[in-house]
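Working notes, structure below.
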Amino acid sequence: MKRRIFSSILTVFLLLSVFTFGLATEVAAATTWEYTSLGDSLGTGFGAWYGYVPRYRDHMGKDTGNNGNLTNLSQNGWTSSDLLYALQTDSTFRSSVASADVVTWDIGGNDLREARNKYLNGTCGGTDNEDCLRETVATFKNNWFQIVGIIQDLRNGQTTNYKTINVYNPYVNEDKDALSYDGTVTRFEVFKPYLDQINQYIDAQQTLGYEMADVYTAFNGPNHNIDPEQKGYIWIDGLHPNDTGHKVIAEELRRLGYDPLR
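For the sequence shown, the residue numbers in mature numbering (1 follows the signal peptide of the UniProt record, and there is no 0) are -24 to -1, 1 to 238.
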């Protein structure tokens, strides 16, 4: 009888030990990922109570059990040239990326917006008033390639979760209702090919080792001809995403998972 009681107690003790060890192992397995975010006003969360960057960090924590220590270096109004220059010259940017397990970036919207404004003012150049749009696409592609290269060089081969997003169009309805410079087509038909070129480039360059969340399709639909304001994604300024829009961006990033960290 005593032997049975002792045996039962020993069994319970062993089970508790295994359970406790399992919990300890689980706790020990959790880690903190350094997360650096780069970009423009999308990254700062302008127009939203809670931007996509902290939302993505929160998703990482929930989905992986690992905390994210966020350094958000996004700057309102920045173009791809601004971000490239910072990565080339700013020690804060360079050291933050160098130590980051997770790097996200968004850039390009302001590049196109500046060119669009020149087109609207009739100062874009060329007989079709589209020279600045062509130049913007070419400059963006060159900047993007260098931005990705510098980010990866700073990480120096360390395991990193590289994620980015493409560029949505907040002006669909506005430009569908207005004629082009020469009056032959709508402004939407003028601008869309240039935006498509930029987004196709971002998509194609995923071979460099990053993953892209398709915000363009999420905001503008599969044919990229729906105004995101109709979906309730745009803030009162008609340009930036609101809270709902930022939720959508964060969810699109979340869909990609967290490889190669997980």
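From the three backbone atoms N, C-alpha and C, an ideal C-beta is built for every residue, glycine too.
As the structure is a prediction and not an experimental result, all values here were calculated from the model.
TODO: Take residue 109 as the anchor and find which of 166, 12, 44 has the nearest alpha-carbon.
DONE: 166
TODO: Can you have a look at residue 120 and say buried or exposed, based on whether 16 or more other CB atoms are within 10 angstroms of its CB?
DONE: buried
Open item on the list: Which of the three DSSP states is assigned to residue 3 in this structure?
Closed with: Residue confidence is low: residue 3 scores 41 on pLDDT, short of 50, so the model does not pin down where it sits. Its coordinate-derived value is still stated next. In this structure, residue 3 counts as helix in the three-state DSSP scheme.
- [ ] With DSSP as the reference, please indicate the residues paired to residue 94 in a beta bridge.
- [x] DSSP, once it has assigned bridges, lists no residue as partnering residue 94.
Task: Integer Cβ distance of residue 86 from residue 145, believed to fall under 8 Å - done: In fact, because the Cβ distance is near 14 Å, the residues do not count as touching under 8 Å.
- [ ] Just the C-alpha distance for residue 136 and residue 63, rounded to the nearest angstrom, thanks.
- [x] 17 Å
- [ ] Out of 39, 24, 26, state which residue places its alpha-carbon closest to the alpha-carbon of residue 234.
- [x] 39
TODO: Within the same chain, show all residues whose beta-carbon is closer than 6 Å to that of residue 220, passing over the 5 residues directly before and after it, in chain order.
DONE: 208, 209
TODO: May I have a chain-ordered list of the beta strand (DSSP E) segments no shorter than 3 residues that lie completely inside the region 108 to 190?
DONE: 137 to 141, 187 to 189
- [ ] Would you identify the three-state DSSP class for residue 83, choosing helix, strand or coil?
- [x] coil
Task: Which residues DSSP lists as bridging residue 13, in chain order - done: 48, 80
Open item on the list: Determine whether the beta carbon atoms of residue 81 and residue 17 lie at a separation below 9 Å.
Closed with: no
Open item on the list: Please classify residue 152 as buried or exposed, where buried requires at least 16 neighbouring CB atoms within 10 angstroms.
Closed with: exposed
Open item on the list: Give me the residue from 105, 92, 56, 21 with the minimum Cα distance to residue 157.
Closed with: 105
TODO: Return the first residue and the last residue of the alpha helix (DSSP H) that residue 30 is part of.
DONE: 28 to 40
Open item on the list: Using a 10 Å radius around the Cβ and a threshold of 16 neighbouring Cβ atoms, would you call residue 212 buried or exposed?
Closed with: exposed
- [ ] Mind the definition here: the region 45 to 53 touches the region 89 to 108 only if three or more C-beta pairs lie below 8 Å; say whether that holds.
- [x] no
TODO: Just the C-alpha distance for residue 222 and residue 160, rounded to the nearest angstrom, thanks.
DONE: 36 Å
Open item on the list: I'd like the list of long-range same chain contacts for residue 66, defined as Cβ closer than 7 Å, with 5 residues on each side in sequence excluded.
Closed with: none
- [ ] Indicate the three-state DSSP secondary structure (helix, strand or coil) for residue 196 in the structure shown.
- [x] helix
Open item on the list: Less than 7 Å between C-beta atoms, sequence neighbours within five positions excluded: which residues of the same chain meet that for residue 70?
Closed with: 63, 130
- [ ] State the beta-bridge partners of residue 236 as determined by DSSP.
- [x] Beta-bridge pairing links residue 236 to no other residue.
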